[in-house]
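Q:
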Amino acid sequence: MRTTNLFILRGRVGQAPKAFGKAAKVNVATDRFRTVAEGKRQEETDWVTVTLLNEKVAAWALANVRKGDGIYAECRVVDGSYKKDGETVYTTDIIANAFHKLDLGARDDAEA
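The structure is reproduced here in structure tokens:
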């Protein structure tokens, strides 16, 4: 059986991408709705930090992606760890395999 580690993200950039050496990181907001008291729908935002390890993709994102832009990313989830002050710190990283700007249209706060 073939398996895959695929995380698809479609959202809006929260701030301009930041360079980390030859890589870049992009904070992406995604919206979801849940039902609260009296059947009302409440919007909640999830923030995901995407790491762009491909040097060309990172350079493109740094030059072309801005706050508010829509993006589509196909990613993999990678767990890791490192030592800090003698303690093990565990991490979960979202690494983009593909990263594209996406026209999500105007943001509509009444969207369901």
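Residue numbers (this note's numbering): 134 to 245.
C-beta atoms are modelled at their ideal positions from N, C-alpha and C, and glycine is treated no differently.
State the beta-bridge partners of Asp-226 as determined by DSSP.
A: Val-211, per the DSSP bridge assignment.
Q: Assuming Asn-159 contacts Val-198 (C-beta within less than 8 Å), just tell me the rounded distance between them.
A: For the sequence presented, residue 159 should be read as Val rather than Asn. With 8 Å as the limit, Val-159 and Val-198 qualify as a contact, their Cβ atoms being about 7 Å apart.
Q: Residues in the same chain with beta-carbon distance under 8 Å from Leu-186, minus the five sequence neighbours each way, listed in chain order, please.
A: Correct list, in chain order: Ala-156, Ile-228 and Ala-229.
Q: May I ask you to list the residues that DSSP assigns as paired with Arg-165?
A: Bridge partners of Arg-165: Glu-177.
Q: So which of Glu-220, Leu-235 and Cys-208 has the shortest CA-CA distance to Asp-226?
A: It is Cys-208.
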